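Visitor: Shown below is the structure under consideration.
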Amino acid sequence: MIRGLEHLSYEDRLRKLGLFSLEKRRLFMNHPAPANSRYKPTCYEHAANCYTHAFLIVPAIVGSALLHRLSDDRWEKITAWMYGVGLCALFIVSTVFHIVSWKKSHLRTMEHCFHMCDRMMIYVFIAASYAPWLNLRELGPLASHMRWFIWLMAAGGTIYVFLYHEKYKIVELFFYLAMGFSPALVVTSMSNTDGLQEVAWGGLIYCLGVVFFKSDGVIPFAHAIWHIFVATAAAVHYYAIWKYLYRSPADIVRHL
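Using the numbering used here, read the sequence shown as starting at -3 and increasing by one per residue.
So, in structure tokens, the structure goes:
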């Protein structure tokens, strides 16, 4: 049967043998990772994972610098730096990890370290995303404790990654979601609710993206799609911070 296919192209041979769909699948998606192991992306998935966050590094830096420039006092500047560092670090560390995973996968220790840093940055980014709302809005006596507690949660999350990285994936996902929802209970209780609708929409986008975050090996380019959800939600949250916590668009134009 194989000899009778010699005159056919490579793709036609695969179709005749019923292997074309399998070969195509291997180009765009590998099999799901076994328990306690990390998914191994295809070359195309590696590229998509890198580019979907690499292209956001410069906009994140520019956006962070803009918030700092628009700050009226020292506390606003500190908050702008906290948020900006978390935002930029998320995209930078993610990009570096995916480049190392793609091009230097033979350096297992380096790849493992950057993967841990990538996961740790999610906790830091969640805390940084809430910092402007917790720092620049008036909170009640009890709610004000969330300003430092959110960073304590981030520290706990990073320690968990250091100790149990890739061992209990469902537990790790639960920690991400718990940390994302806990400050929301405080933020929604503020007397000034301007911008909270955007915060809610951003949170919903993150939650929808989690479906793809956990679908490596099930949906092609699942992790890159997760990156797009992260970028979209981060943009929505940035817009809300820019519009409601710093200055109005008219003030910005006059300032520039």
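C-beta: ideal position from N, C-alpha, C; glycine also.
Because the structure is a prediction, the values reported are computed rather than measured.
Examine the Cβ distances between the region 99 to 115 and the region 129 to 141 and report whether three or more of them are shorter than 8 Å.
Guide: No, the region 99 to 115 is not in contact with the region 129 to 141.
Visitor: Mark residue 75 as exposed unless 16 or more other C-beta atoms lie within 10 angstroms of its C-beta, in which case mark it buried.
Guide: Here residue 75 refers to the residue found at position 79 of the sequence shown. Looking at its Cβ environment, which holds 16 or more other Cβ atoms inside 10 Å, residue 75 is buried.
Visitor: Roughly how many angstroms separate the alpha carbons of residue 17 and residue 125, rounded to a whole number?
Guide: In the sequence shown, counting from the first residue as 1, residue 17 sits at position 21. In the sequence shown, counting from the first residue as 1, residue 125 sits at position 129. Here the model assigns residue 17 a pLDDT of 49, short of 50, so the residue's position is not dependable, and the following value carries that caveat. So the alpha carbons of these two residues sit roughly 42 Å apart.
Visitor: Just how far apart, CA to CA, sit residue 235 and residue 157?
Guide: One-based indexing of the sequence shown puts residue 235 at position 239. One-based indexing of the sequence shown puts residue 157 at position 161. Answer to the nearest angstrom: the Cα atoms are 30 Å apart.
Visitor: If you check the beta carbons only, do residue 119 and residue 150 fall under 7 Å apart?
Guide: What you label residue 119 is simply residue 123 of the sequence shown in a count that begins at 1. What you label residue 150 is simply residue 154 of the sequence shown in a count that begins at 1. Result yes, Cβ atoms of residue 119 and residue 150 sit closer than 7 Å.
Visitor: Which residues in the same chain as residue 43 place their Cβ atom closer than 8 Å to its Cβ, once the five residues preceding and following it in sequence are excluded?
Guide: Mapped onto the sequence shown, residue 43 falls at position 47. Only 98 meet the Cβ criterion.
Visitor: Where does residue 41 fall in DSSP's three states?
Guide: Counting from 1 along the sequence shown, the entry for residue 41 is found at position 45. Helix.
Visitor: In terms of alpha-carbon separation, which member of 166, 36 and 46 lies closest to residue 221?
Guide: Here the question's residue 221 lines up with position 225 in the sequence shown. Cα-wise, what sits closest to residue 221 is 46.
Visitor: My output table needs one value for residue 137: the three-state DSSP class, helix, strand or coil.
Guide: Position 141 of the sequence shown, counting from 1, holds the residue named residue 137. If DSSP states are grouped into helix, strand and coil, residue 137 belongs with coil.
Visitor: Starting from residue 93, trace the alpha helix (DSSP H) in both directions and tell me its first and last residue.
Guide: Translated into the one-based positions of the sequence shown, residue 93 becomes position 97. Where residue 93 is concerned, the enclosing alpha helix (DSSP H) stretches over 70 to 99.
Visitor: If we count the other Cβ atoms within 10 Å of its Cβ and call it buried at 16 or more, is residue 56 buried or exposed?
Guide: Here the question's residue 56 lines up with position 60 in the sequence shown. By the 10 Å Cβ count, residue 56 comes out buried.
Visitor: Quick check on this structure: which residue in 78, 82, 112 and 147 has the alpha carbon closest to the alpha carbon of residue 94?
Guide: As a position in the sequence shown, residue 94 is number 98, starting the count at 1. Among 78, 82, 112 and 147, the Cα nearest to that of residue 94 is on 112.
Visitor: Measuring straight from C-alpha to C-alpha, what distance separates residue 61 and residue 194?
Guide: Working through the sequence shown from its first residue, we reach residue 61 at position 65. Working through the sequence shown from its first residue, we reach residue 194 at position 198. When rounded, the distance between both Cα atoms is 21 Å.
Visitor: For residue 60, name the three-state secondary structure that DSSP assigns.
Guide: The count along the sequence shown starts at 1 and reaches residue 60 at position 64. Residue 60: helix per DSSP, three-state reduction.
Visitor: Taking just the CA atoms, how far does residue 224 sit from residue 201?
Guide: Along the sequence shown, one-based indexing puts residue 201 at 205. Along the sequence shown, one-based indexing puts residue 224 at 228. When rounded, the distance between both Cα atoms is 10 Å.
Visitor: Buried or exposed: residue 68, going by 16 or more other Cβ atoms within 10 Å of its Cβ?
Guide: Along the sequence shown, read from residue 1 onward, the residue named residue 68 stands at position 72. By the neighbour-count rule (16 or more Cβ atoms within 10 Å), residue 68 is not buried but exposed.
Visitor: I'd like the span of the alpha helix (DSSP H) that includes residue 114, first residue to last.
Guide: For the purposes of this step, residue 114 is taken as the residue at position 118 of the sequence shown. Where residue 114 is concerned, the enclosing alpha helix (DSSP H) stretches over 104 to 132.
Visitor: Which whole-angstrom value describes the C-beta separation of residue 145 and residue 83, a residue pair presumed to lie in contact below a C-beta threshold of 8 Å?
Guide: Indexing the sequence shown from 1 puts residue 145 at position 149. Indexing the sequence shown from 1 puts residue 83 at position 87. The Cβ separation is near 21 Å, so there is no contact.
Visitor: Counting only the same chain and skipping the five closest in sequence on each side, list residues whose C-beta sits under 6 Å from that of residue 179.
Guide: Indexing the sequence shown from 1 puts residue 179 at position 183. Only 126, 142 and 146 meet the Cβ criterion.
Visitor: Let me know if residue 242 comes out buried or exposed under the rule of 16 or more other beta-carbons within 10 Å of its beta-carbon.
Guide: Translated into positions along the sequence shown, residue 242 becomes position 246. Looking at its Cβ environment, which holds 16 or more other Cβ atoms inside 10 Å, residue 242 is buried.
Visitor: Count the other CB atoms within 10 Å of the CB of residue 41; is the residue buried (16 or more) or exposed (fewer)?
Guide: Walking along the sequence shown from the start, residue 41 turns up at place 45. With 16 or more Cβ atoms within 10 Å of its Cβ, residue 41 is classed as buried.
Visitor: Quick one: Cα of residue 50 to Cα of residue 91, how far?
Guide: Translated into positions along the sequence shown, residue 50 becomes position 54. Translated into positions along the sequence shown, residue 91 becomes position 95. Approximately 6 Å, taken between the alpha carbons.
Visitor: Can you determine whether any heavy atom of the ligand MG sits closer than 6 Å to the C-beta of residue 132, and answer yes or no?
Guide: As far as ligands go, the structure on display features none, and thus does not contain the ligand MG.
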